[in-house]
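Heads up: the structure comes next, in structure tokens.
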Amino acid sequence: MNWFVNDRFGMFVHWGPYSLAARHEWVKTREKLTDAQYQPYVDHFSPDLYDPAAWARTARAAGMRYAVLTTKHHDGFCLWDSDLTDYKAPRDLVEPFVAACRAEGLKVGFYHSLIDWHHPEFPVDGTHPLRDVQPLPERDISVYRRYLHGQVRELLTRYGTVDYLFFDFSYSGRSEWWGGKGPEDWGSKELLAMVRELQPDILVNDRLGIPGDFVTPEQYQPSAPMPSPWEACQTLNGSWGYDRDNLDYKSADLLVKMLVDGVSKGGNLLLNVGPDGRGRIDPRATALLARIGGWMELHERSIRGCGPAEYPAPADCRYTRRGDRLYLHLFSWPLRHVHLPGLAGKVRYAQLLNDASEIRLVSTDPDQQAQNTRMGGQAPGTLTLELPVQRPEVLVPVVELFLE
410 MNWFVNDRFG MFVHWGPYSL AARHEWVKTR EKLTDAQYQP YVDHFSPDLY DPAAWARTAR
470 AAGMRYAVLT TKHHDGFCLW DSDLTDYKAP RDLVEPFVAA CRAEGLKVGF YHSLIDWHHP
530 EFPVDGTHPL RDVQPLPERD ISVYRRYLHG QVRELLTRYG TVDYLFFDFS YSGRSEWWGG
590 KGPEDWGSKE LLAMVRELQP DILVNDRLGI PGDFVTPEQY QPSAPMPSPW EACQTLNGSW
650 GYDRDNLDYK SADLLVKMLV DGVSKGGNLL LNVGPDGRGR IDPRATALLA RIGGWMELHE
710 RSIRGCGPAE YPAPADCRYT RRGDRLYLHL FSWPLRHVHL PGLAGKVRYA QLLNDASEIR
770 LVSTDPDQQA QNTRMGGQAP GTLTLELPVQ RPEVLVPVVE LFLE
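Just so we're aligned, residue 410 is where the sequence shown starts under this note's numbering, counting upward by one.
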């Protein structure tokens with residue numbers, strides 16, 4: 410887990426024929442499209458502007474250190490030249506992605522859907538586009554299971570070292586979907602054993618329905634540290650695939666706060682982009698990632714290699730810690746002072762991380778009475794930082810505290 414808990418920040422890429430529909434990656438089931446109705450997107454998926462080197466550079470510049478590509482999403486369409494199906498891209502799109510990641514020093518990750526709405530033996534259930542068709546077609550999931558295992562074997566034997574595998578997803582017992590599927594349907598134990606045999610050092614998530622190496626809260630931030638390594642997967646605008654008319658983009662400062670919040674609780678952030686049908690990352694996404702990268706350029710050491718701190722953070726702040734460095738992230742900027750419980754006598758120096766300018770340390774007598782311009786004493790053990798009135802022009806200001 411060393412690289413994973415050190416790097417903290419990765420890029421998720423959702424891309425496929427649904428990018429041509431440009432209205433969410435679940436468009437096939439949301440609109441109950443038949444294979445024939447979905448076929449125009451497959452026929453016209455010809456990404457002439459696909460430049461994985463540019464994707465990798467964008468990720469690296471944003472401060473990301475690993476990237477995860479959807480090799481196959483729920484629609485069943487494959488981005489590599491699988492020997493097991495003709496339902497695939499006109500050329501292998503995975504190999505240049507892997508090469509581009511390695512050239513930029515990024516760890517390589519694959520997403521692979523356990524669900525397949527195209528395979529003729531994947532049983533229809535409550536997630537399936539044909540869920541309202543009567544009578545339901547009879548299908549044999551054991552046939553599909555062999556196909557699933559065979560495709561995973563292809564992915565893990567053709568591209569050298571694969572660092573990360575994100576399966577998606579088990580849903581047996583989910584009340585919103587009838588006929589849900591779980592570990593027995595996927596042959597999860599056997600599948601995971603094969604993965605471990607083929608790629609002994611790979612990290613695998615928890616969505617096979619059996620324990621994995623890390624857990625994957627999606628589209629929410631945990632309110633507290635989780636009991637095992639975790640990674641929040643998040644979108645820029647609520648959609649994983651390219652969604653042309655969705656303008657609900659998160660702000661750059663909110664995205665940085667989500668990253669900081671996760672690290673302060675021992676977690677990672679996997680932030681998604683959905684390239685368009687020609688293979689280009691949306692300029693709105695690129696601009697947001699560039700702003701995050703500008704912040705990371707100055708504040709990387711408050712994220713990389715950091716984890717939770719044992720001290721309680723002040724209101725609207727987050728701590729991260731690495732060794733004898735404690736990082737105070739100020740989500741809102743107070744007037745002149747911020748009080749740090751439990752840190753009196755434990756900090757030898759403090760500075761703003763963006764420019765290394767000193768922040769003065771103030772200790773007051775707990776019994777000091779407030780009078781006019783004199784600040785009252787704080788609780789015993791409290792250290793006070795004296796801040797400038799002007800907030801630094803960064804997305805989230807950070808004070809670096811050097812601990813005794």
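No residue lacks a Cβ here, since even glycine has one placed at the ideal position from N, Cα and C.
Give a yes or no on contact between the stretch 561–571 and the stretch 600–616, applying the rule of three or more CB pairs nearer than 8 Å.
yes
What number of angstroms, rounded off, separates the C-alpha of Ala-764 from the C-alpha of Asn-677?
Reading off the sequence, residue 764 comes out as Asp, not Ala. One C-alpha to the other measures close to 26 Å.
What is the residue span of the alpha helix (DSSP H) that Thr-438 lies within?
436–439
Tell me the rounded alpha-carbon separation between Asp-484 and Gly-582.
22 Å
List the whole-angstrom C-beta distance separating His-537 from Gly-596, where the pair is believed to meet the contact cut-off of C-beta under 8 Å.
Not really, about 20 Å apart at Cβ, beyond 8 Å.
What does DSSP give as the partner residues of Asn-677 in its beta bridges?
Glu-640
Which residues does DSSP pair with Gln-760 in a beta bridge?
Glu-767, Glu-809
Helix, strand or coil at Ala-779 according to DSSP, with G and I counted as helix
coil
Which of helix, strand or coil DSSP assigns to Arg-745
coil
Beta carbon of Tyr-427 nearer than 9 Å to that of Gly-650
yes
Determine whether the beta carbon atoms of Val-798 and Leu-744 lie at a separation below 9 Å.
yes
May I ask which residues mark the beginning and end of the alpha helix (DSSP H) holding Gly-559?
550–566
Would you mind sorting Arg-500 into buried or exposed? The rule is 16 or more other CB atoms within 10 Å of its CB.
exposed
Here's the rule I'm using: 16 or more other beta-carbon atoms within 10 Å means buried, otherwise exposed. How should Phe-811 be labelled?
exposed
Proximity to Glu-530 [Cα-Cα], best of Tyr-520, Ile-550, Arg-511, Ile-524
Ile-550
Could you give the C-beta distance for Tyr-447 and Leu-502, rounded to a whole number, given that I count them as a contact under 8 Å?
Not quite, the Cβ-Cβ distance comes to about 19 Å (not below 8 Å), so this is no contact.
When the Cα of Phe-454 is compared with those of Asp-685, Leu-770, Ala-788, which residue comes out closest?
Asp-685
Host beta strand (DSSP E) of Lys-516 (start-end):
516–522
Along the chain, where does the alpha helix (DSSP H) containing Arg-700 start, and where does it finish?
692–708
Beta-carbon separation (whole angstroms), Gly-746 vs Glu-795, contact threshold 8 Å:
Contrary to the premise, residue 746 reads as His rather than Gly in this sequence. The Cβ separation is near 6 Å, so the contact holds.
To the nearest angstrom, report how far apart Gly-425 and Val-756 are at their CA atoms.
51 Å
How is Cys-487 classed by DSSP in three states: helix, strand or coil?
strand
In three-state terms, what does DSSP make of Met-603?
helix
Does the Cβ of Tyr-758 have 16 or more other Cβ atoms within 10 Å, making it buried, or fewer, making it exposed?
exposed
Can you tell me where the beta strand (DSSP E) holding Phe-421 begins and where it ends?
418–422
Segment contact flag, the stretch 695–714 with the stretch 765–780, C-beta cutoff 8 Å, min 3 pairs:
no
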